[in-house]
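Counting from 41, one number per residue, gives the positions in the sequence shown under our numbering. Where is the CB? At the ideal position from N, CA and C, for every residue including glycine.
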Amino acid sequence: MRIDKMLSNVGYGTRKEVKKLLKTGVVHVDGETVKDGKFHVKLDEQSVTVHGEQVEYKEYIYLMLNKPKGVISATEDNQHETVIDLLAFEHTVFNPFPVGRLDKDTEGFLILTNDGKLSHELMSPKKHVDKTYEATIKGEVTEEDVEKFKEGVELDDGYVTKPGHLVILESGPISRIQLTITEGKFHQVKRMFLAVDKKVLELKRISIGQLELDPSLRLGEYREMTEEEIEIVRNSK
Ligand code: URA
């Protein structure tokens, strides 16, 4: 790969900025100064340093975000803050996008990546990847609702959902639940509760497939996923 492309891809600026950086003589390949942007680097053999610091090249980026309310799960929006606005430059240079969507008022686990293949796999209705949500519900959630969700409920447009696994954490005029579903229809959790005459007051996604949101991430915080976590998600059902 050309060295200007490589350095630009990992966050050293635009190709033009990288060209300037190269001219200053701070870039070395296997110890030799390289000033020409066209120089070809063998990614798996050669060592590149900038200001003496090793450059780790990667093509893909995988981020785990604890999405706060009020931000949109999109890459661009004219009016509202997007999840991309929460990222640092060193991560936005990879052009990540959110895998699926959480509503503006939903919190929790969102994956951002530039790996289109993984995104497609996770979103594919054929793959039925589990998504687990925790919610506060207006109304008393009952065992009858658990049974109904197990069968699948009919949404306002006539669509009957795949079975959902509903766990009641607290039942009362305001209930707390956990719900695992395998689909991602528009407003699905909210509409499933509407189907049993209840309203979702608060919604948070806590896991995707077999991977849970890191509890140490506060709302709006994110971190790169580990190799192991990426594999867990990739192999999730
Ligand atoms: N279901 C919803 O209703 N909203 C979300 O953001 C995610 C699932």
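- Put simply, of 254, 130, 192, 60 the residue whose alpha carbon is nearest the alpha carbon of residue 236 is 192.
- Taking 9 Å as the cut-off, the beta carbon of residue 62 is found closer than this to the beta carbon of residue 76.
- Inter-residue distance for residue 142 and residue 81 is about 40 Å (C-alpha atoms, whole angstroms).
- Scanning 221, 146, 206, 46 for the CA closest to the CA of residue 215 turns up 206.
- The continuous beta strand (DSSP E) containing residue 106 extends over residues 102 to 107.
- Here the C-alpha atom of residue 220 lies approximately 19 Å from the C-alpha atom of residue 178.
- Scanning its chain for C-beta atoms nearer than 6 Å, with the 5 sequence neighbours on each side dropped, one finds around residue 162 the residues 139, 169, in chain order.
- With 5 Å as the limit, the residues whose C-beta approaches any heavy atom of ligand 1 more closely are 142, 143, 146, 227, 228, 229, 230, in sequence along the chain.
- A distance of 9 Å or more separates the beta carbons of residue 149 and residue 276.
- In this structure, residue 245 lies near residue 147, with their beta-carbon atoms less than 9 Å apart.
- Counting every other CB atom within 10 Å of its CB across the protein chains shown gives residue 232 a total of 16 or more, marking it as buried.
- Taking one beta carbon from each stretch, the segment 252 to 265 and the segment 100 to 113 have 3 or more pairs nearer than 8 Å; the two touch.
- Inclusion of residue 172 and residue 242 in the CB contact set at 9 Å is not warranted, their separation being larger than that value.
- Scanning its chain for C-beta atoms nearer than 7 Å, with the 5 sequence neighbours on each side dropped, one finds around residue 115 the residues 122, 124, 137, in chain order.
- Measuring C-alpha to C-alpha distances from residue 269 to each of 145, 120, 65, 158 identifies 158 as the nearest.
- The beta carbon of residue 259 lies closer than 7 Å to those of 106, 108, 147 in the same chain, with the five residues before and after it left out.
- Residue 156 sits in a helix when the DSSP states are folded into three classes.
- Straight-line spacing of the CA atoms in residue 60 and residue 99 works out to 23 Å.
- The beta-carbon separation of residue 217 and residue 249, rounded to 20 Å, does not stay under the 8 Å limit for a contact.
- Where residue 234 is concerned, the enclosing alpha helix (DSSP H) starts and stops at 228 to 235.
- Residues of the same chain with a CB within less than 7 Å of the CB of residue 86, apart from the 5 flanking positions on each side, are 69, 70 in chain order.
- Rounded to the nearest whole angstrom, the C-alpha separation of residue 274 and residue 229 is 24 Å.
- Judged by beta-carbon spacing, residue 151 lies beyond the 9 Å limit of residue 182, meaning their Cβ atoms are not closer than that value.
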